[in-house]
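Below is the structure:
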């Protein structure tokens, strides 16, 4: 507070710096309150702008009410109550009416937000139901086999859509070894992964795994992988987008109905009302599963493990492998 001289007496006033220090308001905010006519300064003969002491309480009240969601204009009856000599900013009838108006507006906003929330929930339920219907009625494969027991089994006589437009038959990939890495799902950069994805064991790392196979594709082929496929329960259109976005030099197979899981008993898990594959990799030769990688603890480095396995078997004659234990 500063005392200035009047005609034979002194007057207590508040300068700009004192007002900002006392209330935490910025000079810019004070100018805005002044422009709205809420806080009225006066000029001293020396040109300084000063305020009446009540301005401290007025600005404090404005800031407190704004913090409760009121607009600057909605604080007017409270400020005027103080300017009129009120002991409290909300003891005037106009201030009480201001409370009621603000509460009514909040109730309307809450109702609108509740409607929006309910609409979003309905859209989510519709989308998850549509995905479930697209994948079939069953939420999980009819049987589950220990992955290590798959060695020696024939691949099923199934045809899946590949992202490159082809439809390979799984038991007739062709001569040489085929690497099929099975994964849960990949997500887009803007984020579309199921709730709690990061807490699901083995779920994270699909994009990193796909990129590791991309970066090592030349080495894998040189080590004996005649072809590489990725396989998940995502749709053909989604797989095509992933191949394009990540620049993958190999196809992704789409199995939204989990037909391979049903045929081989591959493990799956549930996330956000979706049934997804658990991560594993099959080495296939002559239509027969030669080796299974499971579990896969480091997806981002998994292609290196596959490369090591292939490099350790350069002399194997895999072109004529056939037969089944079934």
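Residue numbers (full-length UniProt numbering): 1 to 326. By construction, the Cβ of each residue, glycine as well, lies at the ideal position given by its N, Cα and C atoms.
Cβ neighbours of residue 214 within its own chain (closer than 8 Å, five residues either side excluded): 246, 247, 248, 249 and 250. Assignment of residue 144 by DSSP, reduced to helix, strand and coil, places it in the coil class. Residue 289: member of the beta strand (DSSP E) spanning 288 to 293, first to last residue. For residue 304, the uninterrupted alpha helix (DSSP H) segment begins and ends at 302 to 311.
Within the DSSP secondary-structure output, residue 230 pairs in a beta bridge with 181 and 252. DSSP places residue 78 in the uninterrupted alpha helix (DSSP H) bounded by 76 to 83.
Taking all protein chains in view, the Cβ of residue 164 is surrounded by fewer than 16 other Cβ atoms within 10 Å, so the residue is classified as exposed. For the pair residue 181 and residue 111, the Cα-to-Cα distance works out to about 49 Å. Counting along the chain, residue 268 sits inside the beta strand (DSSP E) bounded by residues 268 to 271. Fewer than three Cβ pairs drawn from the region 96 to 107 and the region 219 to 231 lie within less than 8 Å of each other, which leaves the two stretches out of contact. The continuous alpha helix (DSSP H) containing residue 20 extends over residues 16 to 23. Cβ neighbours of residue 74 within its own chain (closer than 8 Å, five residues either side excluded): 65, 98, 101 and 102. Residue 161 and residue 244 have their C-alpha atoms spaced approximately 16 Å apart.
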